[in-house]
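Undergrad:
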Amino acid sequence: MMLNKLNSASNNSHRKSRNIAYAWLILVLLFMAMLAKQWLWSAHSPIETNILKLLPVNQQNPVVEQAFESLSGNLSNKVVFAISLNNKDKDQDTVFTAASQLQQSLTHTGLFNDVVGKVSADQQKLWASYYFKHRFQQLTPQQRERLQHAPQDQVQLVVQSVYNPFSGVTGTELSNDPFLLFRDYLSQLTQNSSAFTIDNGFLSAVHDGKKYLLVTATLKDSPYSLQAQKGVPEILAIEQSLSEQFDAQTVHTGVLFYAEFGTQSAKSEISTIGLFSLLGVIVLVIGVFRSATPLLLAILSISVGLLSALALTTMIFGRIHLFSLVFGASLIGVSIDYAFHYLTERLASGQQWNSRLGLKHIFVAITMGLATSLIGYLGMLIAPFPGLQQLALFSSIGLIAAYITVVAWYPMLAAKPSVNRTLPGIWLWQQWLTLWSKKSVKYGLPIVCLLASLAPLMHLQYNDDIRQLQAMPEQLKQQEQFISELSGRQSSQQMLVVTASSDEALLQRLESLELTLNDWQHSGTIKGYQALSQYVSSASRQKQSYQLIENLYHTQANTLTKALSLTDTPSIPEQFTPISLADYLTQVVSEPTRFLYVGKIDDKVASVVMLNELNNPEQVKAFVASQPDINYLNKAEEISSLFAKYRVKVVELLLAALSVIALVLIKRYGFRHTVKILLPSIIACLAGLAAALATGASLNLFNLLALILIIGIGIDYTLFFAEKSRSPSTLLAITLSALTTLLSFGLLSLSQTHAIHSFGITVLCGIFVAWLLSPLAITQKDK
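Residues 1 to 783 (full-length UniProt numbering) make up the sequence shown, in order.
1. What residue range does the alpha helix (DSSP H) around Gln494 cover?
2. If I'm right that Met741 touches Ile715 with Cβ under 8 Å, what's the distance once you round it to whole angstroms?
3. I'd like the list of long-range same chain contacts for Ser396, defined as Cβ closer than 7 Å, with 5 residues on each side in sequence excluded.
4. Quick check: what's the CA-CA separation for Ala777 versus Ile362?
5. With DSSP as the reference, label Asn176 as helix, strand or coil.
6. I'd like to confirm the pairing. Which residues does DSSP put opposite Ile630 in its beta bridges?
7. Anyone know if the C-beta pair for Lys698 and Asn354 falls short of 8 Å?
8. Given a cut-off of 8 Å, decide if Tyr185 and Thr216 are closer than it, judged by their beta-carbon atoms.
9. Run through DSSP, which three-state label would Gln249 get?
10. Just the Cα atoms here: how many angstroms apart are His459 and Val763?
11. When the distance is taken between beta carbons, is Ala505 closer than 8 Å to Ala67?
12. Who are the near neighbours of Asp114 in its chain, counting only those whose CB is closer than 6 Å to its CB and skipping five residues on each side?
13. Apply the 10 Å Cβ neighbour rule to Phe671 and answer buried if 16 or more other Cβ atoms are within range, or exposed otherwise.
14. Could you check the C-alpha separation between Leu423 and Val281 for me, to the nearest Å?
15. In terms of residues, what are the limits of the beta strand (DSSP E) holding Asp114?
16. Expressed to the nearest angstrom, what Euclidean distance is found between the alpha-carbon atoms of Ala691 and Tyr646?
17. Out of Gln138, Lys78, Phe81, Ile767, which one is the CA nearest neighbour of Ala539?
18. Just checking my contact of Ile316 with Leu393 at CB under 8 Å: how many whole Å lie between their CB atoms?
19. So Ile778 is in the alpha helix (DSSP H); what residue range does that whole segment cover?
20. For Gln493, which residues from the same chain have a beta carbon less than 6 Å from its beta carbon, with the 5 sequence-adjacent residues on both sides left out?
21. Just verifying my parser: in three-state terms, what is the DSSP assignment at Ser523?
22. Nearest CA to the CA of Ala656: which residue from Thr372, Leu111, Phe179?
23. Is Phe721 helix, strand or coil when you go by DSSP?
24. Short check: CB of Arg541 to CB of Asp629, under 8 Å?
25. For the structure I just gave you, are there three or more beta carbon pairs, one from the stretch 703–712 and one from the stretch 472–486, closer than 8 Å?
26. Quick check on DSSP: helix, strand or coil for His361?
27. List the endpoints of the continuous alpha helix (DSSP H) containing Tyr403.
28. Could you pull out every residue in the same chain whose Cβ sits closer than 7 Å to the Cβ of Thr94, ignoring the five residues on either side in sequence?
29. Tell me the rounded alpha-carbon separation between Ser120 and Leu126.
30. Per DSSP, what kind of secondary structure is Met1 in: helix, strand or coil?
31. Given that a residue counts as buried once 16 or more other Cβ atoms are within 10 Å of its Cβ, and exposed if not, what is Glu485?
32. Go ahead and pull the three-state DSSP assignment for Ile83.
33. Do Lys37 and His321 count as a contact pair if the criterion is CB distance below 8 Å?
34. If you follow the beta strand (DSSP E) that Lys667 is part of, which residue opens it and which one closes it?
35. Tell me the DSSP bridge mates of Ile320?
36. State the start and end residues of the unbroken beta strand (DSSP E) segment that holds Asp583.
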């Protein structure tokens, strides 16, 4: 009777296990189908490469955020080329042929909506005629000042220009613009735009005796799209062809080149980390277990973990960031832990192996390990930081899937016992565990590790600069700097966002702001600025300028006629017709400055003022604080300060997670044993930070994120000792887990991106110390 009941219970247990296994199989197949749909049959690439998508959205000021989105959208799609001949003595006219060919070749790639090189004569006429048509209502600040206080001085300037043989004043120009106001206005307008001048239809500048011609292009797709980035090799091939054909040098800049470099670096790191982690797993499994079954099982749990994480993360976020994939590739070293514990248990049992009993032996330990890891990741999930949320979700799903694979499938797939064989390195494991029975090791080693970690931490420094997230190759930075010097326009991260109730009010506000901007320029606070009001005036200023010019004609026309012996007295023919901002923005002439206009945001309109080479940001911030309609925007600084805040929040979340984990552990193990379980991970965290500092890295948010991993994985190690005490198979499983984790994150430390590099260093050292001190969790009663 009793035997029948046991058999019945056993059959029910087997049936229940089979049902769980089949249910998990159906789910995994569903994830694979989702992944195929997302990655193979999707119209858009599921990979996100834009580094800004990792960052939290600024919810405090939607106007500023929209201004930044508008500006970055306009500027990021631009690609700029400057071409010159390598040989200064060569016929410089050849550079025009090379630039024309560059323009044609770029157009034929199909990557760009438009490529602007040689400006047609018709287009030049359009530009000149637009401003010439409105010449009686546009004045430079100097002209306005002169006509207000000493209009007679303008006559003297005209006379000097006419009799100066180098001024180039023609009879036609004099008849159309007798007071020569337009030529000065046009000259300043050109200076405001850039240092380039029109030469044979191209924008041209001379640097170090060489003539450089400018070619600009606007991308069809976002520079962060893989489609656009695939065109970079084609662009480089065009530049190489021009170099061979004309002995020409082409420099370029644009977000496209930085984004493509970042994508290629990340892809390289993903493949390197993934490949070497997998090879490490294969070598370890074959070396220790000497059988194909454990290897296939290990690869199975890794694959299911990664596929499940990829499918669900892509489904929840829509797209998965390349940054998450880099970290995801290193998940191989963590998700294998549960498999190693099961497989070493099987190896240690030999012919006595019972697959379900084996799972029961390790079930509590791996479940507690999973729970503590998930508690750590939970902190990142609740932080309003898309990058952290995605990373936490990816890792959590990967670990859960690997855990379920071990629990649901391994008892069925690994039911057959392994060959009777002594555990590899059994003598070494026993000696190491024996050492831990000595008080000198049990107390001395943790103290030595702690003291060694505290020494570098005495010189703790943080660097929250957002630019650590992206590798910045020196060659691209040099080319960007050169083009900035050539154009006279430095790429600026600092700007003012000005808002008003209407376009006219916006222009008037920008005009009133010019007084402050000019003061800053004179005092050296900024080197220069770029604002819409430099290119189009408000209707009220246009009216004022028209009246000043009208007064000039009425009071000085006779004087000018006598001074130059003109046959006809100049008169002002046009009636005043103001130019609206909306009209200006539809004209071809506004194309280079259109990015300054943000447009309508809620019930306001906004524009940005670019600040070049800001030297005293505090002065600007103090001014902006007193202006309700002006905001200061420095996205890099804003995100860096956010990083600093989240760094503090991560520490708080880390402490909260440790507290929750401690409460969970105290309930099962008691207070004293819980301290022994947690202490190795805490010392490992300090050691990881110390290692990062010792290698010359400054600490940042990502070092603290590394601590979440160290705690999650480190507690796994001590939990297994807490559950299974002095079992050599436990130490073997922990050692195998540590080796694969060290391999994964050790490869991260080779990353070209500083943030990933310092993350890898922190985890590498932290995990090693966690493994080294994990036998501390063995209690005295287990001797």
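A virtual CB, placed ideally from N, CA and C, is assigned to each residue, including glycine.
TA: The answer reads as follows:
1. Taken as a continuous stretch (DSSP letters only), Gln494 belongs to no alpha helix (DSSP H), being part of the beta strand (DSSP E) at 494–500.
2. Note that residue 741 is Thr in the sequence shown here, rather than Met. Going by Cβ atoms, the distance from Thr741 to Ile715 rounds to 13 Å, so no, they are not a contact pair.
3. Leu374, Tyr377
4. 16 Å
5. helix
6. Val498
7. Note that residue 698 is Ser in the sequence shown, not Lys. Going by C-beta atoms, Ser698 is not nearer than 8 Å to Asn354.
8. no
9. strand
10. 20 Å
11. no
12. Thr218
13. exposed
14. 18 Å
15. 112–116
16. 22 Å
17. Gln138
18. 7 Å
19. Here Ile778 belongs to no alpha helix (DSSP H), and DSSP marks it neither H nor E.
20. Asn634, Ala636
21. helix
22. Thr372
23. helix
24. no
25. no
26. helix
27. 386–413
28. Leu85, Phe246
29. 10 Å
30. Note that Met1 has pLDDT 49, beneath the 50 cutoff, so the model's placement of it is unreliable and the number below is only indicative. Three-state result, Met1: coil.
31. exposed
32. strand
33. no
34. From DSSP, Lys667 is part of no beta strand (DSSP E) but of the alpha helix (DSSP H) over 635–669.
35. Ile47
36. It is not in any beta strand (DSSP E) - Asp583 instead sits in the alpha helix (DSSP H) that spans 581–586.
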